[in-house]
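Residue numbers (the working numbering): 62 to 767. The beta-carbon is built from N, C-alpha and C at its ideal position, and this holds for glycine as well. Bear in mind the structure is a predicted one, so any value in this text is a computation, not a measurement. One structure below.
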C-alpha cells in the first residue's frame, strides 16, 4: 500500500512540506518571467505603432458613406456630393451577378443622388416629356441630351428605367410589395427597355428579392429601436433591481449561507414549476382556437415573433424544456445532497472572506473598464486598417470582354484603347486596395491587431484573478482573522501583481491568446470551405475546432489555478501551473465534487436572480401588473425589453458571483495546501476555519503547559 502511495505521488508530484516561515502570501517576492514582461511591452509598443499608422492612412468615411462609380463619397460634407447622400444603381438586376462576390461591386454605373426615385419612368418615355428634368437628376453629372437613345444607354449616361425605391444603408433599393400574391415594384407590372420593347417586371423583381428581405429586416430593426427609445428607462430600473438583488443575496450569504442556499434551491424549483404551470395553462387555453394547431415547421420564420405565442406547439416545447430542467435539478439534489453540505461550508467561508474584503465586489468594474479600453482600441484600429486602402478602378462589363477585371484610369478610359476594344465596358470604382508594401501587409496587420486584443484582454482578466486571489489568500492564511489581515489586501495584491508578476500574467495570457487566434483562423477557414462538398475536409475542420475548443477550456482552468499559486507563493508561471495541476490531481475527487457543486450552486443563484427579474419584467411589460396607472409603455415587441433585462441581469449577477467564485477557488486551493502542510499539532496548526475543521473532523492541539 505504501508503494502504491509513493507511486501515486510520484506521478502527481510530492505534497507540500511544512515550512515554519510560511505565513500566507509571500511578501519578499522577486520579478518572475521577465522575458515575457519585456515581450509584452515591446508588443504593446508595436501595437501602438500599428494604431498610429492605421490612423494616419485610414479613413472611416469609407465605411460610413457609400461611394459612386468614381470613388467619391455620397453625402460627405465639403465635397460636391454633400447634398446627395444616397447611392443610386442604374440597373439593380446586375447586382445579382456572381461578379459582385468577386469584386464587391455591382457591374453597373452608380451615382450619388439627393433622394431615391419615387415614381416609375423609362428613359424612352421621359426623354421628350416634362418628366425629363426629374429623370435627368439620375443621369451621370454633366449629362447633355445630345445623343440618341441607344448611345445614351450604351455609354451608361442614364438608367434605362426608374423604379420607386427606398433608401437602406444610404443606398436605393426597389420598393417591393405584394399585390394579390404577386411581388411588384411600385404599381407597375411591366417596364420598357431602352429599345422600346416591354418586359415583365418579374425580371427586375428577381434581381431585387434579396433587397426586400433586407428591407423587412430594416423594419424589424427600426421597431426594436423604437421599443428601446420608449422603454430604456424601465430597462435601467430592471437592471438596478438585478444589481440590488445580487448585492442583497451576497450580503445574506454572509450570515445565512446554509439557509439561503436551500431557499435558493427551493425557489429555483418553484420558479421552474410555475413556468411549467404557465406553459400548460397557455397550451390548454389555445385548445380549439383557429390556427393554434399549425406546426412551427409549417409556419416558418416570422419577423413578428408574437405569432409563435399563438401556437400550442410553442407552449408545448417550452413546457417540455422546463420539465427536463426541473427533473435534472431534482435528481442532482437527491444524489449530491451530502456534498452540498461541504459546498455550503466553503460558501460560508467565502462569505466571511468577502465580508472582510468588501471592496472586492467593486473590482469587476475595474476589469470591465480595462476590457472596454481594449475593445475600443481594437475596434478603432480594425476600422482604420480596413479603410486605409486607395481607390482602385477596374473595367467592368456584363458582356464577354477579355479586359474585364483589369485596372484602369477613369480620367483617360473613354479615349483609351481598352474602351475601343470593349465598347460596352465602364471604368468603374471597384474597391479600396493598393499594390504597395503597406497595402500587402494589411491582412497581417489585421491578424496582429486581433492577436494583441486577445493577449491584452486575457492579461486584464488574469490581473483581476491574481488580485482577487491574493486578497482572499491573505484572509485564509491569517491565523487570527481579521487581526492578521493586511490593511488593504486588495490594493496590496493588485500592486504586487503588477510589480512582480506582469511577466507571468503575460505568459499565461500569451498561451491562451495563441489558442484563441488559432480558433479564429479555423472559423475563417470553415466559412470559406462551407461551399465545398469535401466531406473529409468538413470532418477534419470540425475535429480541429472541437480539439482547440477543449484546449482553450483546459488552459483557462489551468491558468486560473496557476494565478492563485502565483498570488500565494510568487513563483513563475510554469512552476505555479505545475504545482497547481499536481495539487488538484492529488485531490481529484474533491476537485470534481466540491468545486463543481459550488459552481452549480452559484449557477442556481444566477438563475434565481435572472428568473425573478425576468418574471417581473414579463408581467410588467405585458401589462399584467401596474405600479401606477398606464406605467408600461406601448411596445411593438414586448420581448425586446424583457430579453434585454434578462441578459443584463445575468451579466450583473455573473459579475458579482465571479468574485465569489474566485474566492471559493482560492480558499479551496489554500484548504488543500493546508491539509498537506499541517497536521493540527501545536507546531503545525491548521489555518482553516473551525467550521471546516468540524466538518472534516480536524482539530488543532493546544500547546501543552509546562
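Span of the alpha helix (DSSP H) holding residue i?
{"i": "residue 150", "result": "Counting along the chain, residue 150 falls outside any alpha helix (DSSP H), though it belongs to the beta strand (DSSP E) covering 147–150."}
{"i": "residue 560", "result": "550–561"}
{"i": "residue 728", "result": "700–738"}
{"i": "residue 232", "result": "Run containing residue 232: none in the alpha helix (DSSP H); it sits in the beta strand (DSSP E), 232–235."}
{"i": "residue 435", "result": "424–447"}
{"i": "residue 114", "result": "95–118"}
{"i": "residue 87", "result": "Neither: residue 87 is in no alpha helix (DSSP H) and is coded neither H nor E."}
{"i": "residue 526", "result": "503–537"}
{"i": "residue 646", "result": "634–647"}
{"i": "residue 211", "result": "210–216"}
{"i": "residue 474", "result": "It is not in any alpha helix (DSSP H) - residue 474 carries neither H nor E in the DSSP assignment."}
{"i": "residue 184", "result": "184–188"}
{"i": "residue 479", "result": "478–482"}
Report, in whole angstroms, the separation of the C-beta atoms of residue i and residue j, which I expect to be a contact under 8 angstroms.
{"i": "residue 195", "j": "residue 224", "result": "The pair is not a contact, with the Cβ atoms about 14 angstroms apart (cut-off 8 angstroms)."}
{"i": "residue 87", "j": "residue 630", "result": "6 angstroms"}
{"i": "residue 609", "j": "residue 576", "result": "6 angstroms"}
{"i": "residue 507", "j": "residue 446", "result": "6 angstroms"}
{"i": "residue 674", "j": "residue 289", "result": "With a Cβ gap of about 18 angstroms, residue 674 and residue 289 do not count as contacting."}
{"i": "residue 347", "j": "residue 373", "result": "5 angstroms"}
{"i": "residue 567", "j": "residue 101", "result": "4 angstroms"}
{"i": "residue 170", "j": "residue 130", "result": "5 angstroms"}
{"i": "residue 532", "j": "residue 554", "result": "5 angstroms"}
{"i": "residue 303", "j": "residue 709", "result": "7 angstroms"}
{"i": "residue 547", "j": "residue 291", "result": "With a Cβ gap of about 50 angstroms, residue 547 and residue 291 do not count as contacting."}
Here's the rule: buried if 16 or more other CB atoms are within 10 angstroms of the residue's CB, otherwise exposed. What is residue i?
{"i": "residue 684", "result": "exposed"}
{"i": "residue 516", "result": "buried"}
{"i": "residue 200", "result": "buried"}
{"i": "residue 149", "result": "buried"}
{"i": "residue 409", "result": "buried"}
{"i": "residue 611", "result": "exposed"}
{"i": "residue 735", "result": "buried"}
{"i": "residue 747", "result": "buried"}
{"i": "residue 569", "result": "buried"}
{"i": "residue 133", "result": "buried"}
{"i": "residue 89", "result": "exposed"}
{"i": "residue 110", "result": "exposed"}
{"i": "residue 540", "result": "exposed"}
{"i": "residue 259", "result": "The predicted model places residue 259 with a pLDDT of 42, which falls under 50 and marks its position as unreliable, so this point remains unresolved."}
{"i": "residue 98", "result": "buried"}
{"i": "residue 220", "result": "buried"}
{"i": "residue 489", "result": "buried"}
{"i": "residue 549", "result": "exposed"}
{"i": "residue 607", "result": "exposed"}
{"i": "residue 161", "result": "Its pLDDT being 49, under 50, residue 161 is placed unreliably in this model, and the value from its coordinates should be taken loosely. Exposed, because fewer than 16 other Cβ atoms sit within 10 Å of the Cβ of residue 161."}
Skipping 5 residues on each side, what residues in its chain have a beta carbon closer than 7 angstroms to that of residue i?
{"i": "residue 621", "result": "526 and 726"}
{"i": "residue 145", "result": "135, 136, 173, 174 and 175"}
{"i": "residue 257", "result": "Unreliable positioning characterises residue 257 in this predicted model, as indicated by a pLDDT of 42, which lies under 50. A coordinate reading is not provided."}
{"i": "residue 380", "result": "337, 340, 341 and 344"}
{"i": "residue 127", "result": "135, 148, 231 and 232"}
{"i": "residue 457", "result": "168, 465, 486, 487 and 489"}
{"i": "residue 425", "result": "716, 719 and 720"}
{"i": "residue 561", "result": "90, 91, 92, 93 and 631"}
{"i": "residue 439", "result": "510 and 514"}
{"i": "residue 353", "result": "347, 371, 372 and 373"}
{"i": "residue 296", "result": "702, 705 and 706"}
{"i": "residue 760", "result": "741 and 754"}
Tell me the residue span of the beta strand (DSSP E) that contains residue i.
{"i": "residue 201", "result": "Segment: none, residue 201 is in no beta strand (DSSP E) and carries neither H nor E."}
{"i": "residue 601", "result": "No beta strand (DSSP E) holds residue 601; the alpha helix (DSSP H) holding it covers 596–630."}
{"i": "residue 229", "result": "226–229"}
{"i": "residue 173", "result": "171–174"}
Could you name the residues of the same chain whose beta carbon sits closer than 6 angstroms to that of residue i, not counting the 5 residues immediately before and after it, in chain order?
{"i": "residue 369", "result": "375"}
{"i": "residue 625", "result": "530, 727 and 730"}
{"i": "residue 216", "result": "none"}
Leaving aside the five residues before and after residue i along the sequence, list all residues of the same chain whose C-beta is less than 8 angstroms from its C-beta, in chain order.
{"i": "residue 572", "result": "616 and 620"}
{"i": "residue 605", "result": "583"}
{"i": "residue 159", "result": "Note that residue 159 scores 48 on pLDDT, short of 50, meaning its location in the model is unreliable; the coordinates nonetheless yield the value given after this. Here the set comprises nothing."}
{"i": "residue 752", "result": "406, 409 and 410"}
{"i": "residue 329", "result": "390, 665, 668, 669 and 672"}
Kindly examine the ligand GTP and report whether one of its heavy atoms sits closer than 6 angstroms to the Cβ of residue i.
{"i": "residue 664", "result": "Summarising the ligand content, the structure contains no ligands, and the ligand GTP is consequently not present."}
Exercise for the section: Run through the region 354–380 for me and flag every whole alpha helix (DSSP H) of 4 or more residues, listed as ranges in chain order. Expected result: If only complete runs of 4 or more residues are kept, the region 354–380 shows the alpha helix (DSSP H) at 357–360, in order along the chain.
Exercise for the section: Jot down the residue ranges of each uninterrupted beta strand (DSSP E) in the region 658–683, minimum 3 residues, whole runs only, in chain order. Expected result: Listed in chain order, nothing qualifies, since the region 658–683 has no complete beta strand (DSSP E) run of 3 or more residues.
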